[in-house]
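Notes to accompany the following structure.
Protein chains in written order, with the working numbering: chain A, 1 to 231; chain B, 1001 to 1231.
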């Protein structure tokens, strides 16, 4: 193996608590109130349907900021919050650029990079990944993923292009994710796979604690993966 | 300004001495002898004509490794060195992945990154840039440049796509290079520009010591640019 490529939302960062916190910080002072974790879940629930329109060819590729912004309008509309202004919506969309890492991530990423080329393979675009990395003090070797391939995971072209631009054959590349569906697609695309347990991603006990698909490595967290790979 | 994007060959690394050294180390033990700096110059001289076939649309985009490898065959053929084997040629092509930085680069890049997003905007492909960065201990925020745009500088699309994927408007992005031709094209593409003097790039006194085109910043080396940008 030469390279590790990483899912980011859920695997490296706790998007749910981060989005809930930032939404509350921005909207509560403007007089809005709701269950902010449910707000984060509702926003995230629009993620797959929006990407599916691109994957199916019904819409040309666009950066994830565009989809996040449109999905926010859907969520606000459902809440009846029609008076949230554009500037607030734009600012809230950028909350996805400053999500907090799970506590095991930073040190483990550093260990893994000593031995492997490391890059995100996310549906987030390059600028979003740059900002997340700067926010969390990560050192990526490159930014791969959806924007490089101009399609969204789990399309094979995203995994395969990400490996190729790093100068690696597919079988020399490990896709690391907390989602079995992502890893199923990566394996079908010819990559190796590593599962990271994130049992609380969607709330306490509401995440994947075990892979439901065959994987090459299965880890309790990123530090455990670094142990398994002898980094 | 939000981002700095950098030319690499000549601006950040001393390709000439690095290639001469590595060619000598690889070929001399096999009984070949020549003026190794002239060998490096000859190889580099085939660089622009090879890219021009892509820029002109006569050839589809390919990674720089492919052009370097073909250009090496031209150089070896001219020397009458027809017996150099494929494995040696492939290994020598990878010499471009481990060029040495000019002495001012590493510390200055670190300073610049504290204030700006930094990325290479080179005609070298992503894997080559990843390997050069690991070799020289650089921390890029992302790898931009030719492979992202699937064309070669000085085509405008390379500068403009590099700025865009970093989430920056063209005028918020500074192209940093030791070559006036690169900076002329970057400015025409809407970017700001910074010239770095590399008076010895092609041999002692055989490099650009002053910009021959209007630029926004003109620096004696990368540390001087960090001073000018108050990093």
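Note that CB positions come from ideal geometry on N, CA and C, so glycine has one too.
Distance cut-off 6 Å: residue i Cβ against heavy atoms of the ligand NAP
i                       : result
residue 1147 of chain B : The model depicted lacks the ligand NAP and carries no ligand whatsoever.
The beta strand (DSSP E) enclosing residue i, as first and last residue numbers
i                       : result
residue 1189 of chain B : No beta strand (DSSP E) contains residue 1189 of chain B, which DSSP labels as neither H nor E.
residue 1218 of chain B : 1217-1219
residue 118 of chain A  : 117-122
Residue i: first and last residue of the uninterrupted alpha helix (DSSP H) it sits in
i                       : result
residue 149 of chain A  : 146-149
residue 1089 of chain B : 1086-1093
residue 1051 of chain B : 1047-1055
residue 240 of chain A  : Summary: the structure shown does not reach residue 240 of chain A, with chain A confined to residues 1 through 231, and so no result is reported for it.
residue 1034 of chain B : Careful: residue 1034 of chain B lies outside any alpha helix (DSSP H) and carries neither H nor E.
residue 164 of chain A  : 156-165
Proximity to residue i [Cα-Cα], best of the options
i                       : options                           : result
residue 1038 of chain B : B:1153, B:1151, B:1024 and B:1146 : B:1024
residue 167 of chain A  : B:1141, B:1180 and B:1132         : B:1132
residue 1062 of chain B : B:1149, B:1179, B:1174 and B:1204 : B:1149
residue 1060 of chain B : B:1033, B:1120 and B:1152         : B:1152
residue 3 of chain A    : A:210, A:203 and A:162            : A:162
residue 1012 of chain B : B:1199, B:1091, B:1165 and B:1040 : B:1199
residue 17 of chain A   : A:31, A:124 and A:42              : A:42
residue 1120 of chain B : A:5, A:71 and A:143               : A:143
residue 1101 of chain B : B:1029, B:1019 and B:1136         : B:1136
residue 221 of chain A  : A:188, A:206, A:35 and A:176      : A:176
residue 1204 of chain B : B:1055, B:1087, B:1014 and B:1228 : B:1014
residue 182 of chain A  : A:29, A:145 and A:89              : A:145
residue 40 of chain A   : A:72, A:6 and A:115               : A:72
Reduced DSSP secondary structure (H/G/I, E/B, other) of residue i
i                       : result
residue 1173 of chain B : strand
residue 1143 of chain B : coil
residue 231 of chain A  : coil
residue 1008 of chain B : coil
residue 1195 of chain B : strand
residue 223 of chain A  : helix
residue 101 of chain A  : strand
residue 3 of chain A    : strand
residue 125 of chain A  : coil
residue 1061 of chain B : coil
residue 1133 of chain B : helix
residue 70 of chain A   : helix
residue 209 of chain A  : coil
residue 83 of chain A   : coil
residue 1179 of chain B : coil
residue 200 of chain A  : coil
residue 43 of chain A   : helix
Proximal residues, the segment 120-154 of chain A versus chain B, C-beta separation under 9 Å: 125, 126, 127, 128, 129, 130, 131, 133, 134, 139, 140, 141, 142, 143, 144, 147 and 148: these are the residues of the segment 120-154 of chain A whose beta carbon lies less than 9 Å from some beta carbon of chain B, given in chain order.
Using a Cβ-Cβ cut-off of less than 8 Å, give me the residues of the segment 178-192 of chain A that come near chain B, in sequence order. For the segment 178-192 of chain A, there are no residues whose beta carbon sits under 8 Å from a beta carbon of chain B.
Beta carbons nearer than 9 Å to chain B: which residues of the segment 58-74 of chain A have them? 63 and 65: these are the residues of the segment 58-74 of chain A whose beta carbon lies less than 9 Å from some beta carbon of chain B, given in chain order.
By the 9 Å beta-carbon criterion, what residues does the segment 1154-1179 of chain B contribute toward chain A? Within the segment 1154-1179 of chain B, 1164, 1165, 1166, 1167 and 1168 place their CB atoms closer than 9 Å to a CB of chain A, listed in sequence order.
Residues within the segment 107-119 of chain A neighbouring chain B, beta-carbon criterion of under 7 Å: Taking 7 Å as the Cβ-Cβ cut-off against chain B, the residues of the segment 107-119 of chain A that qualify are 117.
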